[in-house]
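Right, one structure below, let's go through it.
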Ligand SMILES: Nc1ncnc2c1ncn2[C@@H]1O[C@H](COP(=O)(O)OP(=O)(O)OP(=O)(O)O)[C@@H](O)[C@H]1O
Ligand SMILES: [Mg+2]
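Residue numbers (my numbering): 4 to 351.
The structure is reproduced here in structure tokens:
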């Protein structure tokens, strides 16, 4: 989902990622279906979509953290990280890459921190287990890292237990752990969701400054378009396990092509209240074992016509004056069908 490479290989190239859940006697549920995207060094890609659309599974698939039954990744899927194929890579190799090259901030901060160990020890552990520094050096670097992620009193944070920290501080500690070994790729799954807007803004600034300093590539996952619009260079919108729209942040947020993106944007509050009333898209994301026929979004789409119920559109991508864009929608063929009142019709 990028413009064709111009001589430089991307840092990460995900091709046709397919994840299913198999359970005995039941049809396999397709949770991620044919997801492809690339990420260049120093770039931020925002992965957005409502709850249950497959964002976390996509993210966890990159360092191969969802490859145990009942989850199954198709053998035809490809995840090239710095040119190395991770689908089918040995556990030993994956363990080397996780943390050292691919940092991960998990969606649930409390489950990623051990409640009975001091924060400083946990950050130091992330370094020390790599075997490249002594325990003492690891503690010194951990202190520097806590300073780097802007703890006002890093020494005190070193000694604190997770429950003694606020949500924002815990998220900073997790970011410190994730970037401890200076990875070239940081995957942050809803890093600001549990935080109030002020702390959220601080965390986003922190990620941006880490990125500016180290040139790391950031895959930022969020259901919150306002968050993604602040930091992403490019955006991929997911719906029911598929990418339905891609483009530069400016293009996707400024002139969305897919009705799903249009609906998501209508649900984002604006500071001046412009943009009409705040409205959710009617209905909900279908479960992986109950995807509708044709375009999976058609039951919720205000523009859907009979073709959308029966035929599944491909993601059509190409260069435009607003950059490289793509949408998985029949409106790409028949733009005149967008006429009418759109979502207002569904709301009334
Ligand atoms: N272990 C599992 N077994 C069966 N289905 C699962 C499993 N893990 C996830 N799923 C399903 O796969 C779909 C995608 O889940 P995923 O966690 O990737 O969504 P998400 O986009 O990250 O949502 P959220 O915004 O709530 O975090 C969901 O419908 C979820 O119920
Ligand atoms: Mg998730």
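Just so you know, even glycine gets a beta-carbon here, dropped at the ideal spot from N, CA and C.
What would DSSP say about residue i, mapped onto helix, strand or coil?
i, result
"residue 180", "helix"
"residue 278", "Legend: pLDDT at residue 278 = 48, less than 50; position of this residue unreliable, value from coordinates given subsequently. Correct three-state label for residue 278: coil."
"residue 271", "coil"
"residue 146", "helix"
"residue 14", "coil"
"residue 257", "helix"
"residue 297", "coil"
"residue 286", "coil"
"residue 345", "coil"
"residue 264", "helix"
"residue 339", "helix"
"residue 2", "Outside the shown range of the chain (4 to 351) lies residue 2, about which nothing can therefore be said."
"residue 305", "coil"
Could you please give me the residues that DSSP links to residue i through a beta bridge?
i, result
"residue 36", "21"
"residue 355", "The structure shown does not extend to residue 355, since the chain is modelled only from 4 to 351, so the question has no answer here."
"residue 312", "In DSSP, residue 312 forms no bridge with anything."
"residue 249", "239 and 329"
"residue 42", "15"
"residue 30", "Partner(s): none; residue 30 has no beta bridge."
"residue 48", "222 and 237"
Establish whether the CB of residue i and some CB of chain C are separated by less than 8 angstroms.
i, result
"residue 210", "The chain labelled as chain C is not found in the depicted structure, where only one protein chain is given."
Compute the beta-carbon to beta-carbon distance between residue i and residue j, rounded to the nearest angstrom, for a pair I have assumed lies under 8 angstroms.
i, j, result
"residue 209", "residue 246", "About 27 angstroms; that fails the 8 angstroms criterion."
"residue 320", "residue 328", "7 angstroms"
"residue 219", "residue 213", "7 angstroms"
"residue 42", "residue 13", "6 angstroms"
"residue 2", "residue 24", "Residue 2 is absent from the model: the chain starts at 4 and stops at 351."
"residue 183", "residue 148", "6 angstroms"
Q | Entirely enclosed alpha helix (DSSP H) segments - the segment 51 to 132, minimum 4 residues | A | Runs of the alpha helix (DSSP H) inside the segment 51 to 132: 58 to 64, 94 to 103, 112 to 115 and 122 to 131.
Q: Examine the Cβ distances between the segment 51 to 63 and the segment 80 to 96 and report whether three or more of them are shorter than 8 angstroms.
A: No, the segment 51 to 63 is not in contact with the segment 80 to 96.
Q | Secondary structure, alpha helix (DSSP H): runs of 4+ residues fully inside the segment 163 to 239 | A | 170 to 182, 200 to 217 and 228 to 234
Q | Contact the segment 288 to 307 vs the segment 216 to 225: 3+ CB pairs below 8 angstroms | A | no
Q: Say whether the segment 110 to 127 touches the segment 163 to 179, bearing in mind that this needs 3 or more beta-carbon pairs closer than 8 angstroms, one atom from each stretch.
A: yes
Q. Looking at C-beta atoms only, is the number of pairs between the segment 90 to 106 and the segment 42 to 58 that lie closer than 8 angstroms three or more?
A. Output reads no: the segment 42 to 58 does not touch the segment 90 to 106.
Q: Determine contact between the segment 18 to 31 and the segment 185 to 197, defined as no fewer than three beta-carbon pairs at a distance below 8 angstroms.
A: no
(Q) Between the segment 233 to 252 and the segment 260 to 267, can you find at least three pairs of beta-carbon atoms closer than 8 angstroms? (A) yes
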